[in-house]
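These protein sequence lines are chains A and B, in that order. Mapped onto our numbering, the consecutive letters of the first sequence carry residue numbers 603 to 830. Mapped onto our numbering, the consecutive letters of the second sequence carry residue numbers 4 to 280. Quick notes on the structure that follows.
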Amino acid sequence: MVIPKHILGTFDEALASLRNNVLMMSGLTERSLERAMKGLVNRDDNICANAIADDEEIDQLEKQIDKDGVDILLRFQPVASDLRRVVSAMKLSSNLERMADQATTIARRARKLNQHPPLPEVELVKPMYEHAMSMFKDSVDAFVREDVDLGRAVVPRDEKLDELNRMASHKLVERMAQDPKQLRGYLNLIFIGRCLERVGDHATNIAEDAVYAAAAEDIRHQTLAASV
Amino acid sequence: MTTPERSVMDRVDRPAEPMRAEEAVSACTFRIKNLSIWYGEKRAIDDVTLDIASNAVTAIIGPSGCGKSTFIRSLNRMHELVPRTRVEGTVLLQGEDLYSSDVDPAIVRRRVGMVFQKSNPFPTMSIGENVIIGLRLNGVRNQKFLNERLEKSLRMAALWDEVKDDLHKSGTSLSGGQQQRLCIARALAVEPEVLLMDEPCSALDPIATAKIEELIYELKTNYTIVTVTHNMQQAGRISDYTAFFYLGRLIEFGLTTKIFTNPSQKQTEDYITGRFG
């Protein structure tokens with residue numbers, strides 16, 4: 603469905619600019635996570651440093667999106683779908699910024715790991731990374747395409763990520779007992795797993811915001827609401 | 004260290020009786036069914052069916068010429084002042100058909116007061132006379148009663164403190180916002196059941212507008228209010244229900260929060276988001 607333009611052209615321009623910055627921030631966050639993981643797997647400190655450096659630009663974009671969002675609220679007083687898009691964009695930027703923080707943490711932990719002999723247990727966090735990134739990309743797609751079904755489908759996938767994290771942590775704790783010399787390395791891997799699990803949480807938030815933006819439906823905390 | 008410890012929750016203001024707009028709809032002041040209105044050959048209102056909730060504010064929105072003013076005026080038969088009008092359908096006020104042949108339009112207008120876009124105090128009358136003229140025309144002569152009603156109406160219109168020492172001055176000596184509140188006081192003096200407002204703030208500055216909006220919020224405790232507005236933000240601020248009209252038809256009616264966050268009809272969405280035309 604083609605959405606007709608606003609009578610006020612400047613309103614369309616402001617919304618387009620906001621959306622563009624969200625897309626830019628999503629792209630940079632995705633790149634930062636990819637670099638952090640590549641730095642870990644390839645044991646490359648330079649790539650880790652790049653991932654950490656990305657964070658500054660992402661932080662600035664978060665501020666820009668907040669500023670643009672407030673500016674739109676002030677100048678155009680949006681309602682209905684426009685209001686939902688602006689509010690969701692501002693919430694998205696907050697989640698993206700925190701995802702990028704997770705990428706920074708992963709990169710820092712990876713640099714610490716790179717100072718020691720390689721650990722084959724790195725393989726344990728790879729499936730978590732694949733799953734978290736898939737959730738992240740789908741949640742952003744759901745927002746961009748206003749795809750309610752895709753947004754809804756992302757949310758339950760977080761459970762699998764939590765399960766993968768539990769399994770990886772369990773195995774890493776076992777390894778700590780068996781090989782106490784590598785305790786710091788295993789701990790770093792546990793923290794990286796925790797970061798990826800958080801990436802999934804943020805992707806879930808983005809998917810929920812995407813559903814709200816597209817369909818004005820609040821699908822957060824539904825398990826709790828159902829039990830109440 | 005005598006101050007007792009307070010939890011964060013102690014600092015939360017909790018309204019004793021939170022307003023629930025959903026409940027208000029069960030009690031209706033107006034029940035409008037299949038209402039159509041013609042001016043000569045032109046059909047201004049086309050088959051509108053709508054219930055207007057008691058003690059709530061209903062905002063009527065829509066582009067110019069969509070029938071908003073005709074609709075609101077049909078609720079106290081003011082539109083009949085235009086020649087060659089014709090009405091079909093029913094408008095029930097507390098269950099009574101306003102268009103029944105035995106109903107006196109003057110009585111209807113006493114029960115359903117109206118405030119217009121431009122304040123219109125009677126220029127030859129004082130502030131006090133403006134307020135009580137409706138009662139005088141209805142034959143009330145008891146000065147004590149008139150004085151009491153004068154003060155009560157001006158207090159309800161949040162104007163008493165500003166004019167109590169100048170009641171003898173001309174109504175037109177007041178500012179635009181005060182004049183509009185004077186007109187509200189005049190409408191309230193005859194103790195109507197409903198207050199109709201046709202763009203009551205469109206000629207006022209933001210401060211006067213805020214005072215009228217605050218007043219509307221307070222008045223709905225005792226009155227059913229129907230207001231026409233072109234200002235979407237105002238509709239969002241002051242109303243509990245919103246009706247969107249287009250080309251004489253009622254396109255959508257519902258809770259204001261719903262209409263302004265997730266309207267059901269594309270025409271409503273396009274209009275309120277500024278995509279119309």
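Where a beta carbon is used, it is the ideal one built from N, C-alpha and C, also for glycine. Just so it is clear, the structure is predicted and the values come from calculations on it, not from any experiment.
Is the CB of residue 820 of chain A under 7 Å away from at least one CB in chain B? Chain B places no beta carbon closer than 7 Å to that of residue 820 of chain A, leaving this residue out of the contacts.
Which partner residues does residue 116 of chain B have in the DSSP bridge list? DSSP output for residue 116 of chain B lists B:198 as bridge partner(s).
One question on the structure: do residue 187 of chain B and residue 118 of chain B come within less than 7 Å of each other, judged by their Cβ atoms? Yes, they are a contact pair.
Complete runs of the beta strand (DSSP E) confined to the region 34–112 of chain B [at least 3 residues]: 45–56, 60–64, 88–96, all fully within the region 34–112 of chain B.
Within 10 angstroms of its Cβ, does residue 804 of chain A collect 16 or more other Cβ (buried), or is it exposed? Classification of residue 804 of chain A: buried, given that the 10 Å Cβ count is 16 or more.
CA-CA distance, residue 808 of chain A and residue 662 of chain A? Residue 808 of chain A and residue 662 of chain A: Cα-Cα distance of roughly 19 Å.
Is residue 681 of chain A close to chain B, meaning its C-beta is less than 7 Å from at least one C-beta of that chain? So, interface residue.
Per DSSP, residue 231 of chain B forms a beta bridge with which residues? DSSP lists B:63, B:201 as partners of residue 231 of chain B.
Is the region 140–147 of chain B in contact with the region 166–180 of chain B, if contact means three or more CB pairs nearer than 8 Å? In the pairwise beta carbon analysis, the region 140–147 of chain B is classified as not touching the region 166–180 of chain B: fewer than three pairs are separated by under 8 Å.
Based on the DSSP output, what are the partners of residue 1 of chain B in its beta bridges? Lying outside 4 to 280, the shown extent of chain B, residue 1 of chain B is not represented and no answer is given.
Residue 284 of chain B: which of B:153, B:206, B:67 sits nearest, CA to CA? Examination of residue 284 of chain B is not possible in this model, given that chain B is present from 4 through 280 alone.
What are the residues of the region 235–252 of chain B that lie near chain A, defined by any Cβ-Cβ distance shorter than 9 Å? Residues passing the 9 Å Cβ filter: 235, 236, 239.
Limits of the alpha helix (DSSP H) - the one that residue 693 of chain A falls within: Per DSSP, residue 693 of chain A belongs to the alpha helix (DSSP H) from 682–716.
Alpha carbon to alpha carbon, what distance is there between residue 247 of chain B and residue 25 of chain B? At residue 25 of chain B, the pLDDT of 47 sits below 50, so the modelled position is not reliable and the matter cannot be decided from this model.
Can you find a C-beta in chain B that's less than 7 Å from the C-beta of residue 617 of chain A? It does not: the Cβ of residue 617 of chain A has no partner Cβ on chain B nearer than 7 Å.
Of all the CB atoms in chain A, is at least one closer than 7 Å to the CB of residue 113 of chain B? It does not; no Cβ of chain A falls within 7 Å.
Where residue 173 of chain B sits in the DSSP three-state scheme: Secondary structure at residue 173 of chain B: strand, using DSSP grouped into helix, strand and coil.
At least one CB of chain A closer than 7 Å to the CB of residue 254 of chain B: is that the case? No, its Cβ sits nowhere closer than 7 Å to a Cβ of chain A.
If contact means a Cβ-Cβ distance below 7 Å, which residues of the region 132–151 of chain B contact chain A? Listed by position along the chain: nothing, the set is empty.
Label residue 21 of chain B either buried or exposed according to how many other C-beta atoms from any shown protein chain fall within 10 Å of its C-beta, with 16 as the threshold for buried. Reliability of the predicted coordinates at residue 21 of chain B is poor, the pLDDT of 41 falling under 50, and no value is obtained from them.
Residue 738 of chain A: buried (16+ other C-beta within 10 angstroms of its C-beta) or exposed? Result: buried.
Those residues which DSSP pairs with residue 31 of chain B across a bridge: Residue 31 of chain B pairs with B:56.
Residue 759 of chain A - containing alpha helix (DSSP H), residue span: Per DSSP, residue 759 of chain A belongs to the alpha helix (DSSP H) from 759–780.
For chain B, find out if any of its Cβ atoms is closer than 7 Å to the Cβ of residue 670 of chain A; answer yes or no. Contacts with chain B at 7 Å (Cβ-Cβ) do not include residue 670 of chain A.
Contacting residues, own chain, Cβ-Cβ under 8 Å from residue 660 of chain A (five flanking each side not counted): Excluding sequence positions up to five before and after residue 660 of chain A, its CB lies within less than 8 Å of the CB of 627, 630, 631, 634, 698, 699, 702, all in the same chain and listed in chain order.
So which residues on chain B does residue 663 of chain A lean against when the C-beta distance must stay under 9 Å? Within chain B, no residue comes near residue 663 of chain A; the closest Cβ sits about 26 Å away, beyond 9 Å.
Selected residue, minimal CA-CA separation from residue 769 of chain A, among A:753, A:729, A:784: Just measuring C-alpha positions, the residue of A:753, A:729, A:784 sitting nearest residue 769 of chain A is A:729.
At a Cβ cut of 8 Å, what residues of the region 681–696 of chain A count as close to chain B, listed as they run along the chain? Hits within the stretch, in order: 681, 682, 683, 684, 685, 686.
Identify whether residue 267 of chain B lies in helix, strand or coil by the three-state DSSP scheme. Looking at residue 267 of chain B - three-state DSSP - the assignment turns out to be coil, as it is neither helix nor strand.
Report buried or exposed for residue 610 of chain A, applying the criterion of at least 16 other Cβ atoms within 10 angstroms of its Cβ. Residue 610 of chain A comes out exposed.
Could you confirm whether any beta carbon from chain A is found closer than 7 Å to the beta carbon of residue 64 of chain B? No, its Cβ sits nowhere closer than 7 Å to a Cβ of chain A.
Going by CA-CA distance only, name the one from B:76, B:162, B:180 that's closest to residue 122 of chain B. Of the candidates B:76, B:162, B:180, the one whose C-alpha sits nearest the C-alpha of residue 122 of chain B is B:180.
Alpha carbon of residue 754 of chain A to alpha carbon of residue 814 of chain A, nearest angstrom: The C-alpha of residue 814 of chain A is placed about 10 Å away from the C-alpha of residue 754 of chain A.
Is residue 61 of chain B close to chain A, meaning its C-beta is less than 7 Å from at least one C-beta of that chain? So no, residue 61 of chain B is outside the interface.
Reduced DSSP category for residue 741 of chain A - H, G, I as helix; E, B as strand; rest coil: DSSP places residue 741 of chain A in helix when its eight states are reduced to three.
Hey, does residue 209 of chain B have any beta-carbon neighbour from chain A nearer than 7 Å? Interface annotation, residue 209 of chain B: not in contact with chain A, CB-CB separation never under 7 Å.
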